[in-house]
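Chemist: Please find one structure pasted underneath; my questions will follow.
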Amino acid sequence: MSYREKLAWLSLAAMVLTFGPYFAFAGQSSEMAKPMPNLRLLWLFAATAVVQMVIQGVGRWWIRHKERLAGDLQPPDERDLAIEYRSVRAAYGVLIAGTILVGCVMPFNSGGWQIINAALAMIVAAEMVHYATVVFSYRRYA
Amino acid sequence: MNSGTISNRIRTLRFENGEMSQTELGRRIGLTRQTLAAIEAGKYSPSLEAAFLIAEVFKVDLQGVFQWKSNAK
């Protein structure tokens, strides 16, 4: 498995492990219905983001260390760049769709944390599509 | 655009050139071992520049490394 595929798997796992429970909790109607600013949810999101960053940071350091020891740490080549281009393009589509949904549709029938969480969910979804496309591409063109 | 299949003789050429490893070939032309494995398996078509570089390493012309078989009748 290539270095960049390992990073993509790590990012996917970190997102599922952190944002999965967050959105499961935040999606409960009782939390969504509470009046703004609902600092409890804000702190929960902050903690989730920090945990996600720590997992990513430690995981990336470990993978990079192992790759360096194995002598497999190389700059991206043309195939890596092609896969990155494809995955960013896929994520961009999700992000645009999310922006339209959250910015142009939801204000007419939602508010407060529903809109905030929907925006965060679309960003996370775009990132997950990005990394999933990377993983799929390395598997497909492996 | 007409479709076709690209095959290659990289594995054979590596064997004929002192059993050169994919890592060594990749290092010479700036590709990772995984990318060379994908090219050898026919799962990734390299850029024209990379194809010429591979041919240059083995001191053969491009068709000595890559072959095109058209599906057009």
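First to last, the protein sequences are chains A and B.
Take the first sequence: its letters are residues 3 to 144, numbered as in my numbering.
Take the second sequence: its letters are residues 1357 to 1429, numbered as in my numbering.
All C-beta atoms in this analysis are idealised placements derived from N, C-alpha and C, irrespective of residue type, glycine included.
Just so it is clear, the structure is predicted and the values come from calculations on it, not from any experiment.
#1: Quick check: what's the CA-CA separation for B:Arg-1383 versus A:Lys-36?
#2: Which residues, in chain order, does the stretch 25-47 of chain A contribute to contact with chain B at a C-beta distance below 9 Å?
#3: Below 8 Å on the Cβ atoms is my contact criterion, and I expect A:Trp-115 with A:Leu-43 to pass it. Report the Cβ-Cβ distance as a whole number of Å.
#4: Buried or exposed: A:Ser-32, going by 16 or more other Cβ atoms within 10 Å of its Cβ?
#5: Would you mind telling me which residues of chain B sit closer than 7 Å to A:Ser-4, beta carbon to beta carbon, in chain order?
#6: Comparing the C-beta of B:Ser-1359 with each C-beta of chain A, is any distance below 8 Å?
#7: Could you tell me whether any Cβ in chain B is nearer than 8 Å to the Cβ of A:Gln-58?
#8: Hey, could you find the ends of the beta strand (DSSP E) B:Lys-1425 is sitting in?
#9: Look at the alpha carbon of B:Gly-1374 and the alpha carbon of B:Thr-1388, and state the distance between them as a whole number of angstroms.
#10: How is the beta strand (DSSP E) around B:Asn-1364 delimited, first residue to last?
#11: Run down chain B in chain order and give the residues with a C-beta less than 7 Å from the C-beta of A:Gln-54.
#12: Between which two residues does the alpha helix (DSSP H) holding A:Gln-54 run?
#13: What would DSSP say about B:Tyr-1400, mapped onto helix, strand or coil?
#14: Give the C-beta separation of B:Ala-1406 and B:Gly-1420 to the nearest angstrom, bearing in mind that I take them to be a contact with Cβ-Cβ under 8 Å.
#15: Return the chain-ordered ranges of every alpha helix (DSSP H) run that is complete within the stretch 65-142 of chain A and spans a minimum of 4 residues.
#16: Report the neighbours of B:Ala-1406 on chain A: residues whose CB is nearer than 7 Å to its CB, in chain order.
#17: Is any beta-carbon of chain A found at less than 8 Å from that of B:Ser-1403?
#18: If you measure between the beta carbons of A:Arg-62 and A:Leu-12, is that distance less than 8 Å?
#19: First and last residue of the alpha helix (DSSP H) that includes A:Leu-14?
#20: Which of helix, strand or coil does DSSP assign to B:Leu-1369?
Modeler: So, from the listed chains and residues:
#1: B:Arg-1383 and A:Lys-36 have their alpha carbons spaced roughly 59 Å apart.
#2: Within the stretch 25-47 of chain A, no residue qualifies.
#3: A:Trp-115 to A:Leu-43, Cβ: 6 Å. Contact.
#4: For A:Ser-32, the number of other beta carbons within 10 angstroms of its own is below 16, and it is reported as exposed.
#5: Counting only Cβ-Cβ distances below 7 Å, A:Ser-4 has contacts in chain B at Thr-1388, Gln-1390, in chain order.
#6: Judged by the 8 Å Cβ criterion, B:Ser-1359 is not in contact with chain A.
#7: Interface annotation, A:Gln-58: not in contact with chain B, CB-CB separation never under 8 Å.
#8: First-last of the beta strand (DSSP E) with B:Lys-1425: 1422-1426.
#9: So the alpha carbons of these two residues sit roughly 20 Å apart.
#10: Membership of B:Asn-1364 in the beta strand (DSSP E) is indicated by the continuous run 1360-1364.
#11: Those within 7 Å of A:Gln-54 in chain B number zero; the least Cβ separation is about 27 Å.
#12: From DSSP, the alpha helix (DSSP H) with A:Gln-54 extends over 41-72.
#13: Residue state, collapsed to three classes: coil.
#14: Not a contact, Cβ separation roughly 15 Å.
#15: Unbroken alpha helix (DSSP H) stretches of 4 residues or longer found wholly inside the stretch 65-142 of chain A: 80-102, 115-142, given in chain order.
#16: Within chain A, the residues near B:Ala-1406 are Glu-80.
#17: Output row for B:Ser-1403: interface = yes.
#18: In contact: A:Arg-62 and A:Leu-12 (Cβ atoms closer than 8 Å).
#19: Its alpha helix (DSSP H) spans residues 5-28.
#20: In this structure, DSSP gives B:Leu-1369 a helical state, which the three-state scheme calls helix.
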